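*Asks:* Before we start, here is the structure in question, set down as C-alpha coordinates.
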Amino acid sequence: MEAVRRDCELRMELLERQLAGAQTADDFIDLMAQNLQETVREDPDFVTLVFELFTLSRRNGEIAAEYGGLMRRTRDQVAGMLASAQREGVLRLHAEPGAVAEILFSLGDGFALRMLAEPERDFTATIPGGHPLRAGAAGD
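Numbered according to the numbering used here, the sequence shown terminates at residue 896, and the numbering increases by one at each position without gaps.
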(Lines of atoms letter the chains of each structure in order from A and count residues from 1; the text may use other names and numbers.)
(Lines give C-alpha, C1' and ligand atoms only; values in the text may rest on other atoms or scores of the structure.)
Protein backbone atom coordinates (compact mmCIF):
# COMPACT_ATOMS: atom_id res chain seq x y z
CA MET A 1 0.00 0.00 0.00
CA GLU A 2 2.94 2.33 0.72
CA ALA A 3 4.15 2.01 -2.88
CA VAL A 4 0.69 2.91 -4.21
CA ARG A 5 0.46 5.87 -1.83
CA ARG A 6 3.84 7.21 -2.98
CA ASP A 7 2.99 6.62 -6.64
CA CYS A 8 -0.26 8.59 -6.18
CA GLU A 9 1.63 11.43 -4.50
CA LEU A 10 4.06 11.64 -7.42
CA ARG A 11 1.22 11.56 -9.93
CA MET A 12 -0.61 14.33 -8.07
CA GLU A 13 2.54 16.48 -8.00
CA LEU A 14 2.89 16.06 -11.76
CA LEU A 15 -0.79 16.91 -12.32
CA GLU A 16 -0.46 20.00 -10.15
CA ARG A 17 2.57 21.19 -12.14
CA GLN A 18 0.72 20.57 -15.41
CA LEU A 19 -2.43 22.38 -14.26
CA ALA A 20 -0.44 25.39 -13.04
CA GLY A 21 -0.10 26.41 -16.68
CA ALA A 22 -3.84 26.29 -17.43
CA GLN A 23 -5.16 29.67 -18.54
CA THR A 24 -8.74 28.65 -19.32
CA ALA A 25 -11.29 26.05 -18.25
CA ASP A 26 -10.68 24.24 -21.55
CA ASP A 27 -6.93 24.12 -20.79
CA PHE A 28 -7.74 22.66 -17.37
CA ILE A 29 -10.09 20.05 -18.83
CA ASP A 30 -7.72 19.10 -21.63
CA LEU A 31 -4.80 18.66 -19.22
CA MET A 32 -6.85 16.49 -16.87
CA ALA A 33 -8.15 14.38 -19.76
CA GLN A 34 -4.64 14.02 -21.16
CA ASN A 35 -3.33 12.99 -17.73
CA LEU A 36 -5.99 10.28 -17.40
CA GLN A 37 -5.39 8.92 -20.90
CA GLU A 38 -1.61 8.87 -20.43
CA THR A 39 -1.90 7.13 -17.06
CA VAL A 40 -4.15 4.37 -18.42
CA ARG A 41 -2.15 3.98 -21.64
CA GLU A 42 1.36 4.13 -20.13
CA ASP A 43 0.74 2.42 -16.78
CA PRO A 44 -2.38 0.23 -16.98
CA ASP A 45 -0.97 -1.99 -14.22
CA PHE A 46 -1.07 0.93 -11.77
CA VAL A 47 -4.70 1.68 -12.63
CA THR A 48 -5.58 -2.00 -12.32
CA LEU A 49 -3.84 -2.15 -8.93
CA VAL A 50 -5.92 0.76 -7.64
CA PHE A 51 -9.10 -1.07 -8.67
CA GLU A 52 -7.81 -4.27 -7.09
CA LEU A 53 -7.11 -2.41 -3.85
CA PHE A 54 -10.71 -1.22 -3.87
CA THR A 55 -11.88 -4.82 -4.20
CA LEU A 56 -9.59 -5.94 -1.36
CA SER A 57 -10.78 -3.03 0.78
CA ARG A 58 -14.30 -4.48 0.71
CA ARG A 59 -13.04 -7.53 2.62
CA ASN A 60 -10.23 -6.15 4.76
CA GLY A 61 -10.71 -3.36 7.29
CA GLU A 62 -7.05 -2.34 7.39
CA ILE A 63 -6.85 -2.02 3.62
CA ALA A 64 -10.21 -0.20 3.63
CA ALA A 65 -8.86 2.41 6.05
CA GLU A 66 -5.69 2.93 3.99
CA TYR A 67 -7.58 3.01 0.69
CA GLY A 68 -10.18 5.43 2.04
CA GLY A 69 -7.44 7.72 3.31
CA LEU A 70 -5.73 7.64 -0.09
CA MET A 71 -8.98 8.52 -1.84
CA ARG A 72 -9.63 11.42 0.59
CA ARG A 73 -6.13 12.83 0.18
CA THR A 74 -6.23 12.74 -3.62
CA ARG A 75 -9.75 14.22 -3.68
CA ASP A 76 -8.67 16.99 -1.29
CA GLN A 77 -5.61 17.76 -3.43
CA VAL A 78 -7.68 18.08 -6.59
CA ALA A 79 -10.27 20.16 -4.70
CA GLY A 80 -7.43 22.48 -3.69
CA MET A 81 -6.32 22.76 -7.32
CA LEU A 82 -9.89 23.53 -8.39
CA ALA A 83 -10.31 26.16 -5.65
CA SER A 84 -7.03 27.78 -6.66
CA ALA A 85 -8.02 27.83 -10.34
CA GLN A 86 -11.35 29.39 -9.39
CA ARG A 87 -9.65 32.11 -7.31
CA GLU A 88 -7.36 32.84 -10.27
CA GLY A 89 -10.34 33.14 -12.62
CA VAL A 90 -9.43 30.08 -14.70
CA LEU A 91 -12.59 28.18 -13.65
CA ARG A 92 -16.07 28.98 -12.45
CA LEU A 93 -17.30 26.06 -10.40
CA HIS A 94 -21.01 25.37 -9.98
CA ALA A 95 -20.48 23.39 -6.78
CA GLU A 96 -17.98 23.20 -3.94
CA PRO A 97 -14.48 22.18 -5.09
CA GLY A 98 -14.66 18.91 -3.12
CA ALA A 99 -17.90 17.95 -4.83
CA VAL A 100 -16.49 18.77 -8.26
CA ALA A 101 -13.34 16.77 -7.47
CA GLU A 102 -15.54 13.80 -6.50
CA ILE A 103 -17.38 14.05 -9.81
CA LEU A 104 -14.10 14.22 -11.71
CA PHE A 105 -12.74 11.13 -9.94
CA SER A 106 -16.00 9.27 -10.49
CA LEU A 107 -15.90 10.05 -14.20
CA GLY A 108 -12.20 9.25 -14.36
CA ASP A 109 -12.69 5.89 -12.66
CA GLY A 110 -15.45 5.00 -15.09
CA PHE A 111 -13.41 6.08 -18.10
CA ALA A 112 -10.37 4.19 -16.79
CA LEU A 113 -12.41 0.98 -16.55
CA ARG A 114 -13.69 1.45 -20.09
CA MET A 115 -10.22 2.26 -21.38
CA LEU A 116 -8.75 -0.85 -19.74
CA ALA A 117 -11.54 -2.98 -21.23
CA GLU A 118 -11.09 -1.52 -24.75
CA PRO A 119 -7.42 -0.56 -25.05
CA GLU A 120 -7.61 -0.36 -28.85
CA ARG A 121 -10.36 2.30 -28.77
CA ASP A 122 -9.48 6.00 -29.05
CA PHE A 123 -11.07 7.90 -26.15
CA THR A 124 -9.55 11.26 -27.12
CA ALA A 125 -12.88 12.93 -27.95
CA THR A 126 -14.95 11.07 -25.37
CA ILE A 127 -13.23 12.05 -22.13
CA PRO A 128 -13.29 15.86 -22.40
CA GLY A 129 -16.82 15.77 -23.86
CA GLY A 130 -18.28 14.47 -20.61
CA HIS A 131 -16.31 16.78 -18.35
CA PRO A 132 -18.38 18.80 -15.80
CA LEU A 133 -16.12 21.85 -16.13
CA ARG A 134 -16.66 22.26 -19.85
CA ALA A 135 -17.70 25.81 -20.70
CA GLY A 136 -21.37 26.13 -21.59
CA ALA A 137 -22.40 23.18 -19.43
CA ALA A 138 -25.86 23.04 -17.92
CA GLY A 139 -26.24 25.46 -15.06
CA ASP A 140 -24.44 28.37 -16.75
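Note that CB positions come from ideal geometry on N, CA and C, so glycine has one too. On a predicted model such as this, the values are computed, not experimentally measured, just so you know.
Is the beta carbon of M768 sitting closer than 9 Å to the one on V834?
*Replies:* yes
*Asks:* Going along the chain, which residues of its own chain have a beta-carbon closer than 8 Å to the beta-carbon of L805, five neighbours each way excluded?
*Replies:* V760
*Asks:* Ends of the alpha helix (DSSP H) at D799?
*Replies:* Segment: none, D799 is in no alpha helix (DSSP H) and carries neither H nor E.
*Asks:* Of the residues D832, A778, R797, which one's Cα is nearest the Cα of F867?
*Replies:* F867 has its Cα closest to that of R797, out of D832, A778, R797.
*Asks:* With a threshold of 7 Å on Cβ separation, who are the neighbours of A776 within its own chain once the five nearest residues in sequence on each side are excluded?
*Replies:* none
*Asks:* From R870 to E844, what distance separates their C-alpha atoms?
*Replies:* 33 Å
*Asks:* Is R829 near C764, with beta carbons less than 9 Å apart?
*Replies:* yes
*Asks:* Within its chain, find whatever has a CB closer than 6 Å to the CB of P853; leave out the 5 residues flanking it on each side and keep chain order.
*Replies:* Excluding residues up to 5 positions away in sequence, A835, L838, A839 lie with their Cβ nearer than 6 Å to the Cβ of P853 in the same chain.
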